[in-house]
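Numbering (our numbering), first residue to last: 33 to 201.
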């Protein structure tokens, strides 16, 4: 049934693997790949025999190589999601090449509003240290409560500066 199958215009004899063959083929292909994942080039902790699925993406079912399990999962997510977002399997390699070039290109000097630097939370430990110093100096004014938000409020900022204590860890 699989004999004389055309792949990339070349006639090939295909071999239907059985589950018992996977380990041997995986080890053989991994050795041909220099013992590293075909994508990330790291030594895989859990090597996987990767193949093109026939059901979801109308693939060939042919094995492509050996990947680490993380890269295998990433490939599955990319292939499955590209269909969802209107990228065909034929267009996927060009999309990924363009994506890589885009990621490596220079960035603008604009910072997105969602990435506005957030003021760090005040340390409860340092607040208590400040409170202790405040009481040691026999101050009469009521000491400000620790804010629920953890943000440094102006009265506390002044006291931290006055007692030379950092409000943060």
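Ideal Cβ placement from N, Cα and C applies to all residues, glycine included.
{"query": "Beta-carbon gap between residue 154 and residue 200 smaller than 9 Å", "result": "yes"}
{"query": "Sequence-distant residues of the same chain with beta carbon closer than 6 Å to residue 187, five excluded per side", "result": "176"}
{"query": "Span separating the alpha-carbon of residue 35 from that of residue 137", "result": "Any reading at residue 35 needs caution, since the residue's pLDDT is 46, under 50, leaving its predicted position unreliable; the model's value is listed next. About 46 Å."}
{"query": "Residue 82 - partner residues in DSSP beta bridges", "result": "97"}
{"query": "Proximity of residue 81 and residue 95 at Cβ, strictly below 9 Å", "result": "yes"}
{"query": "Cutoff 8 Å; reference residue 122; Cβ partners in own chain excluding five residues on either side", "result": "none"}
{"query": "For residue 181, the nearest candidate out of 161, 150, 63 and 194 (CA to CA)", "result": "150"}
{"query": "For residue 91, three-class secondary structure by DSSP", "result": "coil"}
{"query": "Cα-Cα separation between residue 85 and residue 144, rounded to whole angstroms", "result": "38 Å"}
{"query": "Spatially closest choice to residue 100 from 61, 173, 91 and 134, by CA coordinates", "result": "61"}
{"query": "Within the stretch 131 to 188, ranges of the alpha helix (DSSP H) (whole runs, at least 4 residues)", "result": "156 to 168"}
{"query": "Residues bridged to residue 106 [DSSP beta-bridge criterion]", "result": "Residue 106 pairs with nothing; no bridge assigned."}
{"query": "Nearest residue (CA-CA) to residue 161, options 173, 198, 183 and 128", "result": "198"}
{"query": "Contact check, residue 191 vs residue 166, beta carbons under 9 Å", "result": "yes"}
{"query": "Through-space distance from residue 140 to residue 57, alpha-carbon basis", "result": "47 Å"}
{"query": "Neighbourhood of residue 68 by C-beta, 7 Å cutoff - its chain only, sequence neighbours within 5 removed", "result": "74 and 75"}
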